[in-house]
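Residue numbers (this note's numbering), protein chains in the order written: chain A, 1 to 114; chain B, 1001 to 1111.
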């Protein structure tokens, strides 16, 4: 069975500081991995995805994530936080075979301090 | 494309009433998902369809919940009778490629 664990339900950084949101997954088959962002009263928006191509994936708004199979991790980073990055971030996994469903982590709320 | 469209955006109903949430997926997408989001339980997958056929409804909490997809462009999630603990934001998402695209959600409040 697939599952996703996001370490830290809340992360607070200063504007301009590095953003690091952690995600570990478990999957019995090679996975697809995703990061989504949710702003207040909005649906989830795709930030980036890993689909077995390059292990370092670049997404929108300056975010990137690196797939590390040995660590079963897919951490999200951004070199310099902006106030507009304050939101909730979800890591998600699905299988790349068969009738695959997408499973989401519990989410990490990012706070950005001025 | 207008994206995944959900209606209504907000619904307030009294306990015991029937509630129907609606979703129009993105044209050409062959998977449709219904999720429920609450503070306590996060984002839960309720049910998903492939080519209009329900594939996995193991996340549907009780028999009070039912979902249909009569055609490729429309799905409903019905709660009958509704209870206060059903209050949540319900999201519909559709997919053709690996990533799912989400609607804006329906915020349901059962009083």
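Heads up, the beta-carbon is just placed ideally off N, CA and C, and yes, glycines get one too.
Under 7 Å between C-beta atoms of residue i and residue j
i                       : j                       : result
residue 1091 of chain B : residue 1079 of chain B : no
residue 1098 of chain B : residue 32 of chain A   : yes
residue 1015 of chain B : residue 1084 of chain B : yes
residue 37 of chain A   : residue 91 of chain A   : no
residue 1028 of chain B : residue 1096 of chain B : yes
residue 89 of chain A   : residue 108 of chain A  : yes
residue 1109 of chain B : residue 1012 of chain B : yes
Cutoff 6 Å; reference residue i; Cβ partners in own chain excluding five residues on either side
i                     : result
residue 95 of chain A : 29
residue 80 of chain A : 16
residue 24 of chain A : 5, 72 and 73
residue 44 of chain A : 36 and 38
Cβ neighbours of residue i in the same chain (closer than 7 Å, five flanking residues each side left out)
i                       : result
residue 1050 of chain B : 1030 and 1031
residue 106 of chain A  : 6 and 9
residue 1069 of chain B : 1032, 1049, 1052 and 1075
residue 1043 of chain B : 1035 and 1037
Contacts around residue i, its chain only, beta-carbon distance under 8 Å, and the 5 residues preceding and following it disregarded
i                       : result
residue 64 of chain A   : 48, 56, 57, 58, 76, 77 and 78
residue 1009 of chain B : 1104, 1105, 1106 and 1107
residue 111 of chain A  : 10, 11, 12, 13 and 86
residue 1073 of chain B : 1024, 1025 and 1027
N- and C-terminal bounds of the beta strand (DSSP E) containing residue i
i                       : result
residue 1091 of chain B : 1088-1095
residue 1056 of chain B : 1053-1056
residue 1064 of chain B : Unbroken run through residue 1064 of chain B: none, as it is neither H nor E.
residue 51 of chain A   : Here residue 51 of chain A belongs to no beta strand (DSSP E), and DSSP marks it neither H nor E.
residue 109 of chain A  : 108-113
residue 1076 of chain B : 1074-1079
Identified DSSP bridge partners for residue i
i                      : result
residue 115 of chain A : Any answer about residue 115 of chain A is impossible in this case: the structure gives chain A only from 1 up to 114.
residue 41 of chain A  : Residue 41 of chain A is not bridged to any residue.
residue 31 of chain A  : A/95
Whole-Å CB distance - residue i paired with residue j, under 8 Å assumed
i                       : j                       : result
residue 1067 of chain B : residue 1077 of chain B : 5 Å
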